[in-house]
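Colleague: One structure, pasted below without further comment.
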Amino acid sequence: MRKEDTVKLISAEGFEFVVDKEAAMVSQTIHNMLTSPGSFAERQHGEVTFPEISTTILEKICQYFYWHLQFASGKETEFPIEPELTLELMMAANYLHT
Amino acid sequence: MKKESELVGLCIEAACESRESVEKWRLQRRSLHRLPSPLADALLRRLISRRLLFPSLLEVFKHSVEEVDLRRESSVDAEWMAYLGAFRHLRYLNLADCRRLNSSALWPITGMTSLQELDLSRCFKVNDAVINHILSIPNLEKLRISQTSVTAKGVKLLASLKNLSLLDLGGLPVDDVALISLQAYFNVWIVWINLLQKFLRCAVHFTADTLKHTSQMSGSTSVLDIIVLKRMQYIDLWGSKISNEGAAVLNMFPKLTYLNLAWTSVTKLPKLSSLECLDMSNCTIDSILEDDKAPLIKLILSGATFLNEAEAFLYANSDFISFLDVGHSSLHRFFFLSKMKVIEHLNLTSCMMGDDSIDMVVCAGGNLKSLNLSGTRVSSAGLGILAGRVPNLEILSLSQTPVDDNAILFISMMPSLKDVDLSNTNIKGFLPQGKTDVDSPLSLMVLQNLKLERLNLEHTQFRDEALYPLSSFQELRYLSLKSASLADISLYYLSSIPKLTNLSICDAVLTNYGLDTFKAPETLKLLDLRGCWLLSEDTILSFCRNHPGVDVRHEFGTVFPFNENGLKHSSPSRPTSRTVQLAKKKDQIPVTPYFSDQRLKYSRDELLALRFTSLPLASSSESGSLIFEKQLD
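The listed protein sequences derive, respectively, from chains A and B.
Just so you know, we're using full-length UniProt numbering here: the first sequence kicks off at 1 and counts up by one.
Just so you know, we're using full-length UniProt numbering here: the second sequence kicks off at 1 and counts up by one.
Written as structure tokens, this is what we have:
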């Protein structure tokens, strides 16, 4: 996997998730960060930090990105969400427009 | 309402999965506190629709929710209200049809500063005492209290709600004095006169009493009141005790655009210069709209009695009227129609309209899109006057008129028609040219060039063969037939209508064989077979199985779910004379959802006895096939 094709998502606690750019682009917010014109740090380094999103939630978000891609390509499976995570995940999803 | 994103939707679903999942997140106070209000609103809505909400759960939303819609929730009571009272950002609260609520239960809404919209419609236990709670909501803009127990006394007090722009008082016993004070008219009236040093032009007749009241209250007025009044745009007073005295002061609202006075004793209206929509159905009308300024668009006067018919609408501004409903009214003359140049929707149901006044409709006809002439005396000759002069007409109802097959010729000259109702007329389906019906051309043939989408032929004299042209109606979606002279062959013709979605063929002599061989159009969604008494339960059941996408209605229809729940071993039975009678009986009695299966009426023994009383009917499938083959020949 080439570095240009990936993006590093960093949680509030500093954990780093390296995901495919294609998957991260499922989020409209990340999509805008990485494609908007101008020299944003996010675009140059391929890194986005989310000081508001905890590691657990960010991990779930990354899983969702890949699930979404699979779903879009016709693999219809359930995306399980633990009830404990619903509130925080909902807020993160709202922020990420995903 | 903004559509939440996909993952948000999944989260809300997961959060509202069950009681247990709710328990998992309801203690996450910090998260709940931070929840943005659109998310909190959506989560709450879902909890309500999943019936998972209970009073103490409301507590977790008190910092976040802005909109609460609890209408028709019968469990809402004082306990719920106690929690809702703590919602500090609540902007919209809908408690319509919450039957348990009374005035004291609503005490917690006192002083909710963010609340802008409150709906208490049909909370019949709510009375005048609630008004004091409502008055303490400073920013209230929209208030609906129709069909509550609030009286004129309470309504009077609403005058001090400065920001009100919508007030629904439907069905309340509001009297003139209440209306006058409600609008702070006493106060403003005096101030207005003092300030402008002149009387308004329109004549208002105050009684001695109201004048006394006026002078008592005038001391406490302020100029600001006038500005406040200017916001009122929508007043709904149907069924109230308002009379002319109260209505006379309505012109103090410079922005009033919507006024509903249906079922009141108002006979006169003052000049209302911004009125766009007026509903005075079932009123007795003496003089209204004598001002030629009001930019009226919609006028509903159905069931009205006109005292002074010659002058009705004489001075009204008819430049913008696009919707007029004078159905069931006492109007005899229709000169006013000739002035309405932009009218699109005209309802003349059961008016004294005949062929002689159809000219007036023609004058208004250029833009007409929908015309309801049902129950009038308009005949085919009258329709002939209309033909070719209503180029935009899409919907035409001629139900219960004396029109015959000639009318169909004229209908074919209305190029935009999509929806035609010819029910309860003398139409037979044959053009009256040949000596006998057999020689005559079929009248529906001439309609083949129209793009008809709906056609109602119930209670006409159509026979099977006259329906043949329907098979080439390319755009037809809804077709209603109801006649005892239709048989299987009709179904055969109808099966080739390419876009048919709703087919109703009631009271017809359809046989089991006819239904079995019916090739339903692929688009069919609803098949109404009520009153087709020859059909047996088994045939209908097997039709349902073969056409899972079609919703079938029949007297036997309600039995199916019961049968499919494991009672399939019960012996198949043909409809006996008894069950047919039952079916007919059921047609007349409204069937409640709690009692859908007639068999519940009988004990087991009675039912067993019934099974063996079945009269040996001629095998309906055999006779059906005979008829069918004969007709096909």
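Note that CB positions come from ideal geometry on N, CA and C, so glycine has one too.
Predicted, not measured: the structure shown is a model, and the values here were computed from it.
1) In angstroms with no decimal places, state the Cα-to-Cα distance between Asp597 of chain B and Tyr492 of chain B.
2) Which residues of chain B have a Cβ atom closer than 9 Å to the Cβ of Glu13 of chain A, listed in chain order?
3) From the beta carbon of Arg34 of chain B, is the nearest beta carbon of chain A less than 8 Å away?
4) Quick one: is Arg400 of chain B near chain A, going by C-beta distance under 8 Å?
5) Which partner residues does Thr49 of chain A have in the DSSP bridge list?
6) Note down the Cα distance separating Cys16 of chain B from Leu53 of chain B, rounded to an integer number of angstroms.
7) Tell me the rounded alpha-carbon separation between Leu224 of chain B and Val390 of chain B.
8) Pick from B:Leu164, B:Ser412, B:Asp405, B:Arg91: whose alpha carbon is nearest that of Leu386 of chain B?
9) Figure out for me which residue from A:Arg2, A:Glu4, A:Asp20, A:Ala12 has the closest Cα to the Cα of Cys62 of chain A.
10) Ends of the alpha helix (DSSP H) at His554 of chain B?
11) Tell me, which residues are paired with His547 of chain B by DSSP?
12) Between the beta-carbon of Asp551 of chain B and the beta-carbon of Tyr513 of chain B, is there less than 8 Å?
13) Residues in its own chain within less than 7 Å of Thr523 of chain B by CB, not counting five upstream and five downstream?
14) Give me the residue from B:Lys525, B:Ser165, B:Asp41, B:Met414 with the minimum Cα distance to Val65 of chain B.
15) Helix, strand or coil for residue 635 of chain B, going by three-state DSSP, please let me know.
16) Between which two residues does the beta strand (DSSP E) containing Phe17 of chain A stretch?
17) Any residues in the region 294–312 of chain B with a beta carbon nearer than 7 Å to a beta carbon of chain A? Which ones, in chain order?
18) Output, in sequence order along the chain, the residues in the UniProt domain "SKP1 component POZ" (6–69) of chain A whose CB is closer than 7 Å to any CB in chain B.
19) Would you call Pro441 of chain B buried or exposed, if buried means 16 or more other Cβ atoms sit within 10 Å of its Cβ?
20) What residue range does the beta strand (DSSP E) around Ser370 of chain B cover?
21) Near Asp119 of chain B, which residues of its chain fall below 6 Å by C-beta distance, leaving aside the five closest residues on each side in sequence?
22) Please work out which residues of its chain come closer than 6 Å, Cβ to Cβ, to Leu166 of chain B, disregarding the five sequence neighbours upstream and downstream, and give them in chain order.
23) Please classify Asp41 of chain B: does DSSP put it in a helix, a strand, or coil?
24) Output the boundary residues of the beta strand (DSSP E) element that contains Val22 of chain B.
25) Counting beta carbon pairs with one atom in the region 77–89 of chain B and one in the region 97–108 of chain B, are three or more of them shorter than 8 Å?
26) Count the other CB atoms, across all protein chains shown, that sit within 10 Å of the CB of His554 of chain B; report buried if there are 16 or more and exposed otherwise.
27) Which word fits Arg88 of chain B, buried or exposed, when buried means at least 16 other C-beta atoms lie within 10 angstroms of its C-beta?
28) Return no unless some Cβ of chain B is closer than 8 Å to the Cβ of Thr77 of chain A.
29) Who are the near neighbours of Glu47 of chain A in its chain, counting only those whose CB is closer than 6 Å to its CB and skipping five residues on each side?
30) For Cys506 of chain B and Leu494 of chain B, I'd like the C-alpha separation in whole angstroms.
31) Near Ile30 of chain A, which residues of its chain fall below 7 Å by C-beta distance, leaving aside the five closest residues on each side in sequence?
32) In three-state terms, what does DSSP make of Leu278 of chain B?
33) Using only CA atoms, which one of B:Gly303, B:Glu458, B:Leu261 lies nearest to Gly170 of chain B?
34) For Arg46 of chain B, collect the residues of the same chain with a Cβ closer than 6 Å to its Cβ; drop the 5 residues on either side in sequence, then sort them by chain order.
35) Which of helix, strand or coil does DSSP assign to Cys506 of chain B?
36) Give the DSSP bridge partners of Arg144 of chain B, in chain order.
Modeller: Taking the definition as stated:
1) Unreliable placement is indicated for Asp597 of chain B, whose pLDDT of 46 sits below 50; the coordinate value is still reported in the next sentence. If I take the Cα positions, the gap works out to 32 Å.
2) The premise fails here: Glu13 of chain A is roughly 16 Å from chain B at the closest Cβ pair, so nothing lies under 9 Å.
3) Answer yes: the Cβ-Cβ gap between Arg34 of chain B and chain A drops below 8 Å somewhere.
4) Strictly speaking, residue 400 of chain B in this sequence is Gln, with Arg absent from that position. No, its Cβ sits nowhere closer than 8 Å to a Cβ of chain A.
5) A:Ile10
6) 10 Å
7) With a pLDDT of 31 at Leu224 of chain B, under the threshold of 50, the modelled position of this residue cannot be trusted, and the question is left open.
8) Nearest Cα to Leu386 of chain B within the set B:Leu164, B:Ser412, B:Asp405, B:Arg91: B:Ser412.
9) Closest option to Cys62 of chain A, Cα to Cα, is A:Asp20.
10) Note, His554 of chain B: premise wrong, no alpha helix (DSSP H); not H, not E.
11) According to DSSP, which records beta bridges pairwise, His547 of chain B is partnered with nothing at all.
12) no
13) Lys499, Leu500, Thr501
14) B:Asp41
15) The shown model of chain B, from 1 to 633, leaves out residue 635 of chain B, and the question about it has no answer.
16) It spans 16–20 - the beta strand (DSSP E) in which Phe17 of chain A sits, taken as one unbroken run.
17) none
18) Tyr64
19) exposed
20) 370–372
21) Result list for Asp119 of chain B: Asn94, Ala96, Arg144, in chain order.
22) Lys142, Tyr234
23) In the structure shown, Asp41 of chain B adopts helical secondary structure according to DSSP, grouped into three states.
24) It is not in any beta strand (DSSP E) - Val22 of chain B instead sits in the alpha helix (DSSP H) that spans 19–25.
25) yes
26) buried
27) Exposed.
28) no
29) Correct list, in chain order: Lys8.
30) 14 Å
31) Ala24, Val48, Leu96
32) strand
33) Nearest of B:Gly303, B:Glu458, B:Leu261 to Gly170 of chain B, Cα basis: B:Leu261.
34) Ile12, Cys16
35) strand
36) B:Asp119, B:Asp168
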